[in-house]
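In my numbering, the protein residues as written are 31 to 425.
We treat Cβ as the ideally placed atom computed from N, Cα and C, and that holds for glycine.
Comments concern the structure below.
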């Protein structure tokens, strides 16, 4: 996904109009997670965004060009440009040591969500490489970003720097496990962006053609009816991001989100699935007749799977929607995120996930509402860096 830069006199105003966040109290060099709703208060896109100067902002990992689409109708003086970049996440207890060894300097001054320009031996020193203290596992983590053509050299340099420090190369299939354990709902993984069903966006000649053919239910798995698009969409409050909404500025969907803030319906919890019911799913493949929908490890379906939606019931009544199933090797559990009715969100509550595809054989899988996030390790922003040995000294 390309990096998108918004610059010009009205760049900040554009991001303010499309985001629930307050973007007028934002330090240069810091990142924000911008949540961008449609007129109905549903999340059309969300993305990490970095402020580079008073009038220049970069958006990362942003699969839906929602802000660019809305810019056309707002008449603002904004320049929009893109470039292809690499993004590598280095996460875990030795991540800081690895990166200090790689870069050859102390990095303790990089605060959570902050960025820093760095140089890497073996990579052209004229190339801008950015380091940011952020990650998707919830634990101590950093990202390295730069021009995509330099990606292979940087990747190899990181891997070599991590030798002796326990470095492991992971990938896309691990990404959603991290998100589910760490409590990070994500479009494309646990829900779909509402832009995919927005008439204005779909008819936009610049962007509409990039949307998958989902309107007739194509590719939408799970026990929820494929024609039920709402089961695959979320509001900020439903994914526990309502606290980001600042009602001190006009933004698309404000009225709907403000109304939901007053009367909450659902929020996201972690579900821990019943082991015996999971084993029954596997056992059905060795019995006559139609088997249950199988589990792939570590995630079912494999990502991208934001269109997957399983109905969650209590006493036969639907009380929520569960996303894709994740096997956590660390916890030896099957987990999922579930947008559940607020009166059913108490930890320890027992519910049933209707596992399977609509119209096929369903397996009622018992599940228990658990803590959110499920991860019980120190969070990135709270890690005491002084307790971590220096990577520079270890070089």
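Cβ pair residue i, residue j closer than 8 Å
i	j	result
residue 45	residue 97	yes
residue 259	residue 227	yes
residue 184	residue 358	no
residue 399	residue 223	no
residue 330	residue 291	no
residue 140	residue 163	yes
residue 67	residue 327	no
residue 197	residue 128	yes
residue 250	residue 262	yes
residue 372	residue 302	no
residue 132	residue 145	no
residue 219	residue 335	yes
residue 370	residue 342	yes
residue 79	residue 61	yes
residue 271	residue 65	yes
residue 253	residue 367	no
residue 189	residue 203	no
residue 234	residue 338	no
residue 413	residue 304	no
residue 41	residue 86	yes
residue 416	residue 136	no
residue 241	residue 402	no
residue 158	residue 147	yes
residue 168	residue 212	yes
residue 322	residue 386	yes
residue 90	residue 33	yes
residue 470	residue 350	Missing from the structure shown is residue 470; the chain here goes from 31 to 425 and no further.
residue 75	residue 225	yes
residue 217	residue 209	no
residue 353	residue 142	no
residue 51	residue 344	no
As assigned by DSSP and simplified to three states, the class of residue i
i	result
residue 371	strand
residue 238	helix
residue 405	coil
residue 170	coil
residue 144	strand
residue 424	Unreliable placement is indicated for residue 424, whose pLDDT of 48 sits below 50; no coordinate value is reported for it.
residue 221	strand
residue 45	helix
residue 298	strand
residue 120	strand
residue 159	strand
residue 212	helix
residue 230	helix
residue 287	helix
residue 18	Residue 18 lies beyond the residue range present for the chain, which begins at 31 and ends at 425; the question has no answer from this structure.
residue 182	helix
residue 202	helix
residue 94	coil
residue 308	helix
residue 271	coil
residue 282	coil
residue 320	coil
residue 193	coil
residue 410	helix
residue 259	helix
residue 187	helix
Bridge-paired residues (DSSP) for residue i
i	result
residue 303	397
residue 67	73
residue 177	115
residue 104	Residue 104 pairs with nothing; no bridge assigned.
residue 149	Residue 149 pairs with nothing; no bridge assigned.
residue 125	Residue 125 pairs with nothing; no bridge assigned.
residue 110	36
residue 79	62, 89
residue 164	Answer is none; residue 164 lacks a bridge partner.
residue 133	For residue 133, which the question treats as bridged, DSSP gives no partner whatsoever.
Anticipated Cβ contact below 8 Å, residue i with residue j, distance rounded
i	j	result
residue 117	residue 173	6 Å
residue 438	residue 38	With the chain represented from 31 up to 425, any question about residue 438 goes unanswered, as that position is not in the structure.
residue 274	residue 214	So it is not a contact: roughly 14 Å between Cβ atoms.
residue 286	residue 71	3 Å
residue 364	residue 308	6 Å
residue 410	residue 170	5 Å
residue 83	residue 115	About 18 Å separates the two Cβ atoms, so there is no contact after all.
residue 10	residue 232	As displayed, the chain neither begins before 31 nor continues past 425, which places residue 10 out of reach and without an answer.
Below-8 Å beta-carbon distance, residue i vs any chain C residue
i	result
residue 57	Given the protein chain composition of this structure (a single chain), no chain C is represented.
Check: residue i C-beta below 7 Å from any heavy atom of the ligand GTP
i	result
residue 356	Summarising the ligand content, the structure contains no ligands, and the ligand GTP is consequently not present.
Ignoring anything shorter than 3 residues or poking outside the stretch 326-387, list the beta strand (DSSP E) runs there in chain order.
Those beta strand (DSSP E) runs which fall completely within the stretch 326-387 and span 3+ residues are 340-344, 347-352, 355-358, 363-371, 380-385.
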